[in-house]
Amino acid sequence: MPEIDWRLLREVSRSFYLTLRLLPPRVRPTIALAYLLARLSDTKADGATSDSERELLAREDELRAALKASEDREEIASVWATIQEGQDFDGSRFPPGAPPLSAAELDRYTYLVAGCVGEFWTRVCTKHLPHFASLPHEEMLEAGVQFGKGLQYVNVLRDRAADSSLGRVYLRPESISHALAVARGHLLGAEKYVKALRIRRLRMACALPLLLGRETLELIEKNPGAPRVKVARSRVWLLLARSVIY
Numbered sequence: 000m001p002e003i004d005w006r007l008l009r010e011v012s013r014s015f016y017l018t019l020r021l022l023p024p025r026v027r028p029t030i031a032l033a034y035l036l037a038r039l040s041d042t043k044a045d046g047a048t049s050d051s052e053r054e055l056l057a058r059e060d061e062l063r064a065a066l067k068a069s070e071d072r073e074e075i076a077s078v079w080a081t082i083q084e085g086q087d088f089d090g091s092r093f094p095p096g097a098p099p100l101s102a103a104e105l106d107r108y109t110y111l112v113a114g115c116v117g118e119f120w121t122r123v124c125t126k127h128l129p130h131f132a133s134l135p136h137e138e139m140l141e142a143g144v145q146f147g148k149g150l151q152y153v154n155v156l157r158d159r160a161a162d163s164s165l166g167r168v169y170l171r172p173e174s175i176s177h178a179l180a181v182a183r184g185h186l187l188g189a190e191k192y193v194k195a196l197r198i199r200r201l202r203m204a205c206a207l208p209l210l211l212g213r214e215t216l217e218l219i220e221k222n223p224g225a226p227r228v229k230v231a232r233s234r235v236w237l238l239l240a241r242s243v244i245y
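In numbering that gives the first Met the number 0, the protein residues as written are 0 to 245.
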């Protein structure tokens, strides 16, 4: 299994780094590599804005070599292709004056960039961690999709002001209450997913983003006019502690 540069991963995503470090060692490198490749294609599309992103771009050949060497290269390549489809859609859908996404477009987009990740995690865990969950495989796949889509809905709601200023309107103003309800529904699926996990490290790794997603959604609901809400660092560490006993 190729080695992962955890320093680089921490630099490009301090929040997701915590989740990845909590994962069981057997699946950690595969999921980390898939994340770095997704960040690579996203950075290539949007342009590097930091030293860590420039380093990520400079190491593309290394990451592609790691993909070829991975025993899970088919699973990684599949989810990466799906994510890139979502990234391409995002890059081409918003020419000047473009209308907001339709509900169907938003649902599809959240699957392409996040829901598919829940499927990927489930397939990798099924392959390497037999009996990792108490629910049947198909139910875990479905709940995994909800997990990813729920977190992406939270991101869309949280970042809507900044995205709108760039001409990317994912949500019409009159659709916000519906999107909040959809996000809550998907996070119920995420809770189902987490509660079905039998392996403690895996449950912790999944509980943390669920708890952060819920907390962020609550902040959005309490401060609907805020440009961008953010969970305080002290709360992140508290939620990390809560993930241990989730």
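From the three backbone atoms N, C-alpha and C, an ideal C-beta is built for every residue, glycine too.
Proximity of residue i and residue j at Cβ, strictly below 8 Å
i    : j    : result
G216 : R183 : In the sequence as displayed, the identity of residue 216 is Leu instead of Gly. In contact: L216 and R183 (Cβ atoms closer than 8 Å).
G85  : L111 : yes
R157 : I82  : no
L21  : I30  : no
P226 : G166 : no
G212 : A142 : no
M203 : V243 : yes
V144 : E118 : yes
E148 : G114 : What sits at residue 148 in the sequence shown is Lys, not Glu. Yes. Within cutoff.
P24  : L201 : no
L207 : L35  : no
S233 : A195 : no
V78  : V116 : yes
Rounded C-alpha distance that separates residue i from residue j
i    : j    : result
D89  : Y108 : 8 Å
D106 : R199 : 31 Å
P129 : R122 : 11 Å
V153 : A37  : 19 Å
M139 : L100 : 28 Å
F131 : I3   : 24 Å
L237 : A180 : 26 Å
I75  : L8   : 17 Å
Y169 : E214 : 21 Å
A97  : G46  : 22 Å
V228 : A44  : 26 Å
T42  : R72  : 21 Å
Neighbour-count burial assignment, residue i, 16 or more Cβ in a 10 Å radius
i    : result
S14  : exposed
T48  : exposed
E190 : buried
P172 : exposed
W250 : An answer regarding residue 250 cannot be provided, because it is not within the stretch 0 to 245 covered by the chain.
Nearest to residue i (by Cα), restricted to the options the options
i    : options                  : result
A178 : R159, S49, Y192 and A76  : R159
S40  : F131, E141, A57 and P172 : A57
E10  : P98, G212, E52 and V26   : E52
E251 : K148, L32 and D45        : There is no way to answer for residue 251, as the model of the chain reaches only from 0 to 245.
Q151 : L186, L17 and A240       : L186
P135 : I175, R197, A80 and C205 : R197
A161 : F146, G224 and Y192      : G224
K221 : E59, C205 and S176       : S176
C124 : V228, C205 and P98       : C205
T174 : A103, A240, E137 and D50 : First, the amino acid is wrong: residue 174 is Ser here, not Thr. The residue with the shortest Cα to Cα distance from S174 is A103.
P28  : A65, S91, F93 and V193   : A65
DSSP beta-bridge partners of residue i
i    : result
A132 : L196
beta-carbon residue i near the ligand MG non-hydrogen atom, thresh 7 Å
i    : result
G114 : As presented, the structure is devoid of all ligands, the ligand MG included, so that no description of it is given.
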